[in-house]
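Structure first, then comments.
Number of protein chains: 2
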Amino acid sequence: MKVHNFSAGPCILPQEVLKQAAASTIELDNIGLSLIEISHRSKEFVAVMDKAIALVKELLEVPEGYSVLFLQGGASLEFLMVPYNLMKEGGKAAYLETGTWAKNAIKEAKLLGETTVVASSADKNFNYIPKGYTIPSDVDYFHCTSNNTIFGTQMKSFPETDGMLVCDMSSDIFSKKVDVSKFDLIYAGAQKNMGPAGTTLVIVKDEILGKTGRTIPTMLDYQTHIKKESMFNTPPVFPIYVSMLTLEWLKKNGGVEWIQGINEQKAALMYGEIDRNPLFKGTVEVEDRSNMNACFLLTDESLEEEFNQMWAAAGISGIKGHRSVGGYRASMYNALPLESVQALVDVMQELEKKHA
Amino acid sequence: MKVHNFSAGPCILPQEVLKQAAASTIELDNIGLSLIEISHRSKEFVAVMDKAIALVKELLEVPEGYSVLFLQGGASLEFLMVPYNLMKEGGKAAYLETGTWAKNAIKEAKLLGETTVVASSADKNFNYIPKGYTIPSDVDYFHCTSNNTIFGTQMKSFPETDGMLVCDMSSDIFSKKVDVSKFDLIYAGAQKNMGPAGTTLVIVKDEILGKTGRTIPTMLDYQTHIKKESMFNTPPVFPIYVSMLTLEWLKKNGGVEWIQGINEQKAALMYGEIDRNPLFKGTVEVEDRSNMNACFLLTDESLEEEFNQMWAAAGISGIKGHRSVGGYRASMYNALPLESVQALVDVMQELEKKHA
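Protein sequence lines correspond, in order, to chains U and L.
If you're matching positions, the first sequence starts at 14 in the working numbering and goes up one per residue.
If you're matching positions, the second sequence starts at 14 in the working numbering and goes up one per residue.
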């Protein structure tokens, strides 16, 4: 039976990517050696890294003057690297608090300097994106989280700011068009739309770096990694390779514009059913709903066990909600086909019929 | 043709590990999903992490009171984490300078406090391990590098010290018996004897942590990762899984004692030929030679092109020396079979016969 993989991350990847990754784990490009047992400085792996970087630049239309890096440590290490590299000695930063990851980012920034939370949706368990806030004009940068995996909210627009604009796009990068030129720094853990766990994408405007007056530890300094083209130390070979394959798959099929269309279809189908079916309700303000993670509850909790058995029987996997929200979360990342959303919607309608 | 893979790292892994890693990249344990598209909190991956940790403890006979972590960022990030976690505010550290990686470790420690280099082999391009040095009694810890991949030296014993003993074992961990109880902290990038690039093993005595008086950034604090059992953030799933498989392979075949015997045979064969064959000479003091990386030169450089063609024709890969040393480096990590060393020795003897 086919599994419909709604995992919130690490998450579904295209079948052809999995097959190619497996083949290259046995032997890469007929070189007689596995991808994972060659030097990262071999011409074969350098070509992988170069291609991965070129695909990021092409798919996101990254302008001149930006560097693309593949690092380690996930968004969680970026929470520290961002203030280290961008907050001036004695400087300030402003953050938008939209969920768990934003809170973690704020915590690290506070270690390095004055950090203002310009707005928060903590008052309603992060079920909306704050709006109408003011970003102080004297901050070095403003930081936001474009998509909140746990709570199912997504920023549909980004504010204007006098300082630098920094965004954690871990869970919606490559899912829709984004104007990179409006951002000074974008980062994203790979394990949603880009690849497997184990590498972090950073897109950074070169001219903003080296201006804080701080001494930055070597591995936390973006300039270290820019100078060495993400090979200052041994890079995470397999995660970068699989990211490259996933981006190739995206490009071959039509790129970000193509997947955005499909993601909008999936979200429309999913939220359409949540709103139509009297047995379910969404947890998030409608205008802030994420196209990646749809959070919803049963209106009658006594149906929980029955519903759980039904979706499990239909081959649906990974839709249990995060413990901070409860209920259900259908993560609909790039590689999830529309038919998987349809399979879930079918089960929701079956439940409705049974209790009509 | 079989490739004899002498790569210095990432390096050769057992064939059966590569096959199982490939199979699980398609589907893990008949669950209908790939290893790399399931949640790191799924019971399947939690079992992988638990097993990897248990295998480290068993194979190295890790005593009670130590934690085993799988992190990211390689030894290069450990260079920063070690002083952050172990050097007291206003404290001191002592380092042994035996090569490039030791120098990089010293650089990061100096950012955090008074760092003494107790001895260095820089005077002879790191071709020996300094001995007879004194470790100041007032340092928080002493740091050394057990094996120097680039220069081909290896510590055959470790000094006594009043403070904590910390060792970077990136390139010889699991290659020979080591008494973990003598160390307070051991770390190692996976990509030599343990697995593919992308995860870092840390073995740390719990009682030494939390005593510096420093505020440690969340991701750099070992206690963060101990509390969350290496799942504070999304771990590098594939590198940890393949490390688990490699450790299983090691255990099944007889463990560290078994591989130590084979590694000694390989080293004896290799260095025997280097010493016997008048066309070659070793670069390292005999008593400090590494069983992992044998560095050697042609005595007559005009034979270089001929020798290079001969070993390439014999299916030998990855023996070019590091640019800091020149010549050749045969890396003989755990998964390299004795027959590969024999293949290289055969080529060396063939060259000798041609020029007899």
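All C-beta atoms in this analysis are idealised placements derived from N, C-alpha and C, irrespective of residue type, glycine included.
- With a cutoff of 8 Å on beta-carbon distance, S183/L and A88/L are scored as near each other.
- At least one beta carbon of chain U lies nearer than 8 Å to the beta carbon of S330/L.
- In the three-state DSSP reduction, I332/L falls in the coil class, being neither helix nor strand.
- The CB of S184/U never comes closer than 8 Å to any CB in chain L; the least such distance is about 11 Å.
- Within 10 angstroms of the beta-carbon of D153/L lie 16 or more other beta-carbons, which makes it buried.
- In the DSSP assignment, Y235/L falls within the unbroken alpha helix (DSSP H) covering Y235 to K240.
- Going by DSSP, K70/U is part of the alpha helix (DSSP H) stretching over K56 to L72.
- In the DSSP assignment, K224/L falls outside any beta strand (DSSP E), carrying neither H nor E.
- In the assembly as shown, T259/L is a buried residue. Its beta-carbon has 16 or more other beta-carbons within 10 Å.
- Beta-bridge pairing by DSSP links N266/L to no other residue.
- A residue is called buried when at least 16 other Cβ atoms come within 10 angstroms of its Cβ; S170/L does not meet this threshold and is exposed.
- In chain order, A106, A107, Y108, L109, V131, I148, P172, T174, G176, M177, L178 and V179 place their CB closer than 8 Å to the CB of F155/U, counting only its own chain and leaving out the 5 sequence neighbours on each side.
- DSSP places K218/L within a strand segment (E or B) once states are collapsed to three.
- Chain L has a Cβ within less than 8 Å of the Cβ of I25/U.
- Boundaries around V130/L are those of the beta strand (DSSP E), E127 to S133, since no alpha helix (DSSP H) includes it.
- Here H17/L is buried. Its C-beta has 16 or more other C-beta atoms within 10 Å.
- Neighbourhood of L68/U in chain L, by CB distance below 9 Å: empty, with the nearest CB roughly 19 Å away.
- Going by DSSP, V360/L is part of the alpha helix (DSSP H) stretching over L351 to K367.
- Those residues of the region 241-265 of chain L placed with their C-beta closer than 8 Å to a C-beta in chain U are F245, N246, T247, P248, P249, V250, F251, P252 and V255, ordered along the chain.
- For T166/U, the three-state secondary structure derived from DSSP is strand.
- Assigned with DSSP and collapsed to three states, I199/U falls in strand.
- Linking K366/U to M323/U through their CA atoms gives a straight-line distance of about 13 Å.
- When secondary structure is reduced to three states using DSSP, G176/L falls in the coil class, being assigned neither helix nor strand.
- In this structure, the beta-carbon distance from A65/L to I275/L does not fall below 8 Å.
- Put simply, the backbone Cα of E314/U is about 14 Å away from that of K333/U.
- Here S150/L is exposed, its C-beta having fewer than 16 other C-beta atoms within 10 Å.
- Here G328/U is not near L72/U, since their CB atoms are 8 Å or more apart.
- Within chain U, the residues T38 and I39 have their CB atoms less than 9 Å from the CB of K32/L, given in chain order.
- At least one CB of chain L lies nearer than 8 Å to the CB of N18/U.
- Inter-residue distance for T113/U and D192/U is about 25 Å (C-alpha atoms, whole angstroms).
- In this structure, L357/L keeps its C-beta atom at 8 Å or more from the C-beta atom of A369/L.
- Looking at N347/L, N321/L and D301/L, the one whose alpha-carbon comes closest to that of N266/L is N347/L.
- Here N347/U carries a coil assignment [DSSP, helix/strand/coil].
- For L124/U, the nearest CB of chain L lies under 8 Å from its own CB, placing it at the interface with that chain.
- Shown here for S330/U: same chain residues with a beta carbon closer than 6 Å to its own, the five before and five after excluded, namely V16 and N18 in chain order.
- The region 28-41 of chain L and the region 53-62 of chain U do not touch, with fewer than three beta-carbon pairs separated by less than 8 Å.
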